[in-house]
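See below for the structure under consideration.
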Amino acid sequence: MDKVISSAAEAVADVGSGTTLAVGGFGVCGVPVVLIDALLALGADELEVVSNNCGLDDHGLGLLLQERRLRRVVASYVGENKEFARQYLSGELEVELTPQGTLAERLRAGGSGIPAFFTATGVGTQIAEGGLPWRYDASGEVVVASPPKQTQTFDGQEYVLERAIVADFGLVRAWKGDRHGNLVYNASARNFNPLAAMSGRVTIAEVEELVEPGELDPNEVHTPGAYVQRVVALTPDQAADKRIEKRTVHVEEGRA
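Just add 9 to the spot in the sequence shown (first one is 1) and you have the working numbering.
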């Protein structure tokens, strides 16, 4: 089945307001920026986003934040996005902060048909006991807090029950992809992309290089095409447009 869609705009055309999105990327690495830009132009709002972080103020998911398109974010890291922190602390945005490994497993479980799982991470903290601030009001008072979670002891160790995440759509970026939706990610750009792809009921992949079926070595495929419903081939300029989050320059002694 040929899953290639002619444009990013067409690929996200049915992403409506109130939709839940699982979005790949870590910082600015492996972020499906072309699909996010298409969503921005589409105008959908009241979105719930599940992603490790929310990009930079002027990049990736940060653009949707700036335009007040996000209602809720499930993430593990506020990071370098000052607008993300501002909206959360001022009561404009609901945020469910989740341990990074737990977030990864919640996405993977959702794509594997596992409704919930037990983990030791968060036992003895507000993660398990409840009370973690999800939403503040304008005065800084907590108006929505996390509920307590079920715990259980196995072999003398206490664990907390975490629910899987199944998103309406998964948005990912891959290094290579074929027309059947098989995807390969490059090095650290793999990050949360395979997990977001698994979590989405409908997964849309932007690929830097589109190849024909059979050209990918099956042993190198990170996301099988069964998880991907739509593929968007990037232009060379789009594929080459990659941000660097922090640039560190070493100055040799004695040189300016």
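Backbone N, C-alpha and C fix where the C-beta goes; we use that ideal spot for every residue, glycine too.
Given the structure is predicted, the values throughout are model-derived calculations rather than measurements.
- Secondary-structure assignment with DSSP links residue 166 through a beta bridge to 163.
- Listed in chain order, the alpha helix (DSSP H) runs fully inside the region 187-219 are 202-208, counting runs of at least 4 residues.
- In its chain, beyond the 5 residues on either side, 31, 205, 206, 208, 209, 212 have a beta carbon closer than 6 Å to the beta carbon of residue 179.
- When the five nearest sequence neighbours on each side are left out, the beta carbons in the same chain lying within less than 6 Å of the beta carbon of residue 167 are those of 132, 160, in order along the chain.
- Secondary structure at residue 33: coil, using DSSP grouped into helix, strand and coil.
- A direct Cα-Cα distance of roughly 22 Å separates residue 184 from residue 71.
- Within the model, the alpha-carbon separation for residue 218 versus residue 242 is close to 7 Å.
- With distances taken between CA atoms, residue 157 lies nearest to 137 out of 224, 87, 137, 234.
- In this structure, DSSP gives residue 174 a state outside helix and strand, which the three-state scheme calls coil.
- Secondary structure of residue 179 (DSSP, three-state): strand.
- The region 233-252 makes contact with the region 33-50, as at least three CB pairs between them are under 8 Å.
- In this model, residue 73 and residue 128 are separated by some 32 Å (Cα to Cα).
- Sequence-distant partners of residue 195 (beyond 5 residues in either direction) whose C-beta falls short of 7 Å from its own C-beta, in its chain, are 184.
- Taken through DSSP and simplified to helix, strand or coil, residue 86 comes out as coil.
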